[in-house]
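Novice: Numbering (the numbering used here), first residue to last: 61 to 157.
#1: Kindly identify the DSSP beta-bridge partner or partners of residue 130.
#2: Inspect the beta-carbon positions of residue 63 and residue 109 and report whether they are closer than 8 angstroms.
#3: So, at 7 angstroms on beta carbons, what are the nonlocal neighbours of residue 97 in its own chain, with the 5 sequence-adjacent residues on each side left out?
#4: Note down the Cα distance separating residue 70 from residue 102, rounded to an integer number of angstroms.
#5: Answer with buried or exposed for residue 99, where buried requires no fewer than 16 other C-beta atoms within 10 angstroms of its C-beta.
#6: What ranges does the alpha helix (DSSP H) occupy inside the region 65–98, keeping only unbroken runs of at least 4 residues that lie completely in it?
#7: Quick one: residues in its chain with C-beta nearer than 6 angstroms to the C-beta of residue 92, no 5 flanking neighbours on either side, listed in chain order?
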């Protein structure tokens, strides 16, 4: 199960996050999202756990707790949606008078 972790301190490492979640079960993947230009953390990430029960326990146990002085916002990650990349509009209108 994939878990969204928000409001992370910007200096949190993937290993720090893994250790926090491992006390609830097997962590299969950790990914802290970074700015593509600066490489700095954007303050959120994802943790994937092998078992849904362990993931639910981690969500319940860690949501609202503090890490590095910030209160964590943790919940089940929503599936990623495709972004269209377009802002709409911009086409030239034809007058059919």
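Think of the CB as a built atom: it goes at the ideal place given N, C-alpha and C, for glycine as much as any other residue.
All values reported here derive from a predicted model rather than from experimental measurement.
Specialist: Let me spell this out:
#1: Your numbering for residue 130 matches position 70 in the chain shown. Beta-bridge pairing links residue 130 to 127.
#2: Residue mapping note: residue 63 aligns to position 3 of the chain shown, counting from 1. Residue mapping note: residue 109 aligns to position 49 of the chain shown, counting from 1. Closer than 8 angstroms, so yes.
#3: Mapped onto the chain shown, residue 97 falls at position 37. Once the five neighbours on either side are set aside, residue 97 has no close Cβ partner at all.
#4: As a first step, residue 70 must be located in the chain shown, where it is residue number 10. As a first step, residue 102 must be located in the chain shown, where it is residue number 42. Rounded to the nearest angstrom, the two C-alpha atoms are 7 angstroms apart.
#5: Counting from 1 along the chain shown, the entry for residue 99 is found at position 39. Per the 10 Å Cβ criterion, exposed.
#6: 74–82
#7: Here the question's residue 92 lines up with position 32 in the chain shown. Closer than 6 angstroms at Cβ, skipping near neighbours: 74, 101, 105.
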